[in-house]
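Chains as they are written, first to last, in the numbering used here: chain D, 1 to 356; chain B, 357 to 712; chain S, 713 to 1068; chain E, 1069 to 1424. We treat Cβ as the ideally placed atom computed from N, Cα and C, and that holds for glycine.
Number of protein chains: 4
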Amino acid sequence: MAGNTIGKNFTLTSFGESHGVAIGGIVDGCPPNLKISAEDLQKDLDRRRPGSSRYTTARREDDKVEILSGVFEGRTTGTPIALLIHNTDARSQDYSDIKDNYRPSHADFVYDKKYGFRDYRGGGRASARETAIRVAAGAIAKKWLYERYKTQVRGYLSKLGDISIGKQFDWEEVNNNPFFSPDSSIIPTFEQKINQLKKDGDSIGATLTIVAENMPCGLGEPVFDRLDADIAKAMMSINAVKGVEIGKGMASSEDLGSQHRDIMTPDGFLSNNAGGILGGISNGQDIIVHIALKPTSSISQEVETINKKREKTTIKVKGRHDPCVGIRATPIAEAMLALTLMDHALRNRAQNYDLA
Amino acid sequence: MAGNTIGKNFTLTSFGESHGVAIGGIVDGCPPNLKISAEDLQKDLDRRRPGSSRYTTARREDDKVEILSGVFEGRTTGTPIALLIHNTDARSQDYSDIKDNYRPSHADFVYDKKYGFRDYRGGGRASARETAIRVAAGAIAKKWLYERYKTQVRGYLSKLGDISIGKQFDWEEVNNNPFFSPDSSIIPTFEQKINQLKKDGDSIGATLTIVAENMPCGLGEPVFDRLDADIAKAMMSINAVKGVEIGKGMASSEDLGSQHRDIMTPDGFLSNNAGGILGGISNGQDIIVHIALKPTSSISQEVETINKKREKTTIKVKGRHDPCVGIRATPIAEAMLALTLMDHALRNRAQNYDLA
Amino acid sequence: MAGNTIGKNFTLTSFGESHGVAIGGIVDGCPPNLKISAEDLQKDLDRRRPGSSRYTTARREDDKVEILSGVFEGRTTGTPIALLIHNTDARSQDYSDIKDNYRPSHADFVYDKKYGFRDYRGGGRASARETAIRVAAGAIAKKWLYERYKTQVRGYLSKLGDISIGKQFDWEEVNNNPFFSPDSSIIPTFEQKINQLKKDGDSIGATLTIVAENMPCGLGEPVFDRLDADIAKAMMSINAVKGVEIGKGMASSEDLGSQHRDIMTPDGFLSNNAGGILGGISNGQDIIVHIALKPTSSISQEVETINKKREKTTIKVKGRHDPCVGIRATPIAEAMLALTLMDHALRNRAQNYDLA
Amino acid sequence: MAGNTIGKNFTLTSFGESHGVAIGGIVDGCPPNLKISAEDLQKDLDRRRPGSSRYTTARREDDKVEILSGVFEGRTTGTPIALLIHNTDARSQDYSDIKDNYRPSHADFVYDKKYGFRDYRGGGRASARETAIRVAAGAIAKKWLYERYKTQVRGYLSKLGDISIGKQFDWEEVNNNPFFSPDSSIIPTFEQKINQLKKDGDSIGATLTIVAENMPCGLGEPVFDRLDADIAKAMMSINAVKGVEIGKGMASSEDLGSQHRDIMTPDGFLSNNAGGILGGISNGQDIIVHIALKPTSSISQEVETINKKREKTTIKVKGRHDPCVGIRATPIAEAMLALTLMDHALRNRAQNYDLA
């Protein structure tokens, strides 16, 4: 019941601090005989990696993942798959000044309150660095989902701050630019925005869209472990996420029943306001999820705050930070959706065979 | 692993179909010596009860809850608390026509696909009737939270369709009108809207806001069982919910870091964009949650659909339905927040004593 | 996390006190389309029922079980199955004297220490009465196991005190005598023993053997949720059980490796010292479990003890008790084995399909 | 729900194969501020280490454990504690002959049946090597239990085959001889026995006793997660264990109620047949557990068996094996008891504060 495990039949248990020896995790419950290699995981890790472009943090991490167990002769054995990533570029001195002063919108304060003290180096356990292992584990889930159902889990940046992507939509384009934008025409505007933020020492939020195509019907365990409920949890567990929407999301509240309902025909549904989930169970349509991420909390503008003794002070966060953490969250969100779908695929199989 | 239990140290396991013998649940892990009676639970059940006003379904249910175990001489014993509500007004004939035809936006289709067949009477397990037991269990959590921390969990309707409540805000008013509106001046507008929908045989969505005041600091188990993650799951597990926001929610994505961050002073935070949660842990500020509910799926307007044989047909849903299911979801959402907070209070106590 | 749920994919959550309104439970995760009725459950309940013979407690309980949900038109729907048994013969006055005085070998003392107070009527939650619901739930598992794999779970009394059953072994005989003895020739000796104990106001322990035949190979989740580990837990969770053995059990410690190992041939194993489990996984041979139950703690011989104030006193337990609780534990132990096997069958299916 | 995690509030998730890169685990839920170092863990690991005496396997492993996370400036932070042990002496060639032929009493056969194929090197995941990480994690639990309650968890060899230790009992002696015997006078007899077994190429079973002194009262979650039930599971999850007894164990079945019951006096209990647990809850007396381990399955005597194609063949297990695996299981059993007690201490605290 400790909080570092997610999933029921397919689980990821995660460990590691931003500037500790290493981060890693254990993937348990993976079906045997899945072809998997460190390279398969590295692809997504590289998409998330810091320092991959000038529009993200300058921190350099190789983020080379090792598989320590559970894979034999290139295939999963059904036993736990241990993943390990060593921390190579941990510059503690960048962070020593935050040992006693609390950074606003960061977890420094609550970790001290909850645990009595904390590993303050680079945010310790609260650092988004922890999500690297989610991406590695998610790559296993993505591969299994695709081989089993041809289900494909992909995401993109739908909004940078209040700038929405345009009409041009090309999945291929998503990995061709540092913004994970499916619309190439918007890139210059995004670049301009980020450059301005860097100049201002400020940051901005973002909205991501994650989609699962070729979905099997029947995944989800009512009434509490609904598929959408577990997706909401998985997404909200990502650093900086403040809102989760399924299908039409918040806007559904303004709809009339006569316009919102997705009409069924012998040839399928005529719309997908539901985002692929009815009554907590996948209906075979694409799963569509939108998440909102708050702006990076670490910015270089000095600000008033308090220290451990609850005394007034000011802080100016040094270190290397993304002007928009939302951008690199794309592969993380894909991973969380994939992990949730795979867990539910196995859960459904336990009770209902594998009907898909 | 089956999906009908929520919580880790404080759990609710739920059962029951809309038109079966009864619905009920088992609350496990409740600390002993809490004064509790059926009447305490009935208060919230009555707030949710169908037929409580002409603006909700005409279905009449006494929804009288019985406590079958776990309470002795008026106090909890620490053993499982069984809750039972008999179904008194189950008019199956109202629903017999939907045995073979799938209602759009309902779970009929996915239940058949997942389980092979279903209890079609009144939506069976997928009916929102199941949420009555969440409200009863939530009342236990509400009482414990208040006695232990003076934490108060309350909710209100913030939007009916696209109509927002006005500036007038009075918690007392919330339970004085059938809309759970804190603003009495908007009631006539709401009444007019609902009456128009009834005339049109249509329905509409709604947005609710749930707040927890006097929160202890330190609740939440990073990295996966973050408090906001578990709240998101609890809320998304409510029928018809399509979006969940914590604090500033989706709008956080448009903020600059310099404006979004909640500045800390010796006297407390200067704002609460975070909605009371940082790094997945409560920071002592009010927890603020917004949820969006889609319009009632059952409306009297005939619509094209398919039957079990996947043949084209039409359906006109009879029966008694709320023009806006969102309204009565207020006590349900309060219950889900209370259940989540109490579970996390006990989880935190297990690892970190009870520092609050 | 609370302790009243057992299983992972197939779960039983139990509630109820000996002299409360009712006892019951929720079975979750059962595959749909299993034909089941209250009568199917009643058969085993009647085998366990008190007052079924003069060799067991004189307490009379109809133990009529109701199915409140999860079964529609005679088949399971895949939703939670709620089971309810009302307490009809609760003579509290029989127990009022134990409100303040602790009965030796009973849970009175520890419940007061753990929870601060307790429902003292008839032992409250600690009463073996709670096991009735395990038997009802176990009957569902037994039926599913038989229909799915032809696996048959049965048990018998192998020893009453130090009196072992003889060579005569007939499964048919087990349900023909009040001792669940497969050997009819030993009955007179058992009757004599029980009658003597009643005269002496004393009680005695027993040893039971539970067997699962026609087992699928591959059930069990190393390394912690081994099949034998979960069986050991399930058995030790039965009131009065003090020892659990798999296969040759404790005696294995005296074996030489050369004699203990079960040799494999193309026609199968040549012996079954392992009791059907290797490395925590079923090997297709019969599962063989032995459990030892301590003598009934409630006997009419007066004894020294302490009261709530830790003062010296004496107690003479009135009420109606089995001279040997072990006898009626046979259907309970069968149920616990069946619940464990079914849970593992579903868990295995989640990861490895259903190879059996 | 995959099987490689044990515990609810205090959990160990384990990974690793005998001859893979490494074995390790993640300990989650540990309270913060516990002083812990790799050296603290190494002490128990060294007690278990192969090659520590000529009476155990000649395989040499340094078994040096690293702490990768969760400990900062010498104290636990409340975040996951990752433990890693690299495999240094993996001689795969010793085992290549068992790739296709099944060793009797080993898990080779069932792993192939369950998962389709297996890492056959040194028994892969089924090897007792995996237990090293349990010992490392158990050392954390032992330390916490002692600092919190002065609870001390220790074990010893009570029988080697059918040779019981004598009357001489000295806890200090246990770690002074390779047999974990508290009785030094029996050592020559044990040495003679082991030497004879080595000459015969045979092996033998053993019985261990594990004791927890200075126990807090109130640990255990009826009705399923009883303390004795979880102890039984933890013990039965150890390789080669075939029987578990609490207190008087199997022999309780031959007792009369009048002799078995532990009489309570103002000065405490007059006996401890219960082994420190009543109704599944610790009563403050010492927890006493006995476990029986089967003889080492790997012996050098050739034996008939089958291969993957189910064809008749013979096998003669090479490699370096303990003549009695039971001996080195002592620290493993201590670890499993400590892990279970700590988990229950935290679980009890969640619901009932920390009364002890």
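Check whether chain B comes within 8 Å of residue i, counting only Cβ atoms and requiring the distance to be less than that.
i: P31/D; result: no
i: Q301/D; result: yes
i: R1415/E; result: yes
i: V733/S; result: yes
Within its chain, find whatever has a CB closer than 6 Å to the CB of residue i; leave out the 5 residues flanking it on each side and keep chain order.
i: K854/S; result: V865, A1050
i: I1331/E; result: L1338
i: G138/D; result: A335, A338, L339
i: S1082/E; result: N1072, G1093, I1201
i: E658/B; result: T670, K672
i: N1416/E; result: G1286, L1287
With a threshold of 8 Å between beta-carbons, can residue i be considered close to chain D, or not?
i: Y1170/E; result: no
i: Y512/B; result: no
i: E373/B; result: no
i: Y1183/E; result: yes
Measure the beta-carbon distance from residue i to residue j and round it to whole angstroms, keeping in mind my assumption that it falls under 8 Å.
i: S559/B; j: C386/B; result: Contact flag wrong, Cβ pair sits at about 37 Å.
i: E1241/E; j: S1252/E; result: 5 Å
i: A706/B; j: N365/B; result: 6 Å
i: H646/B; j: T565/B; result: 5 Å
i: K150/D; j: N214/D; result: 4 Å
i: S638/B; j: L575/B; result: 4 Å
i: C217/D; j: V466/B; result: 7 Å
i: H700/B; j: D586/B; result: 7 Å
Using a Cβ-Cβ cutoff of less than 7 Å, which residues in the same chain neighbour residue i once the five nearest sequence positions on both sides are dropped?
i: I594/B; result: T487, A685, I688, A689, M692
i: K523/B; result: none
i: T435/B; result: S425, G426
Pick helix, strand or coil for residue i, following the three-state DSSP scheme.
i: Y1183/E; result: helix
i: H260/D; result: helix
i: N1263/E; result: helix
i: T652/B; result: coil
i: F109/D; result: helix
i: V847/S; result: helix
i: E1215/E; result: helix
i: V21/D; result: coil
Judging by CA-CA distance, which residue of the options is the nearest neighbour of residue i?
i: T77/D; options: K1132/E, R1115/E, D1176/E; result: D1176/E
i: K198/D; options: N570/B, S614/B, V600/B; result: S614/B
i: G1343/E; options: I999/S, G736/S, A952/S, V733/S; result: A952/S
i: V27/D; options: M342/D, Y353/D, N352/D; result: M342/D
i: R481/B; options: V223/D, E302/D, R118/D; result: V223/D
i: S870/S; options: K1021/S, F902/S, L780/S, R841/S; result: F902/S
i: E966/S; options: L1361/E, G1075/E, D1354/E, A1150/E; result: L1361/E
CB-CB under 8 Å to residue i, same chain, minus the five flanking residues each way: which ones, in chain order?
i: H616/B; result: K604, S608, N629
i: E73/D; result: none
i: R226/D; result: G220, I277, G279, G280, I281
i: L390/B; result: R431, T432, I496, K499, W500, E503
Within the 8 Å Cβ cut-off, does residue i reach chain S?
i: E1372/E; result: yes
i: P436/B; result: yes
Taking Cβ positions only, does residue i come closer than 8 Å to chain E?
i: A712/B; result: Residue confidence for A712/B is low, a pLDDT of 45 falling below 50, so the modelled location carries little weight; the figure read from the coordinates is stated next. No - not a single Cβ of chain E is within 8 Å of the one on A712/B.
i: D895/S; result: no
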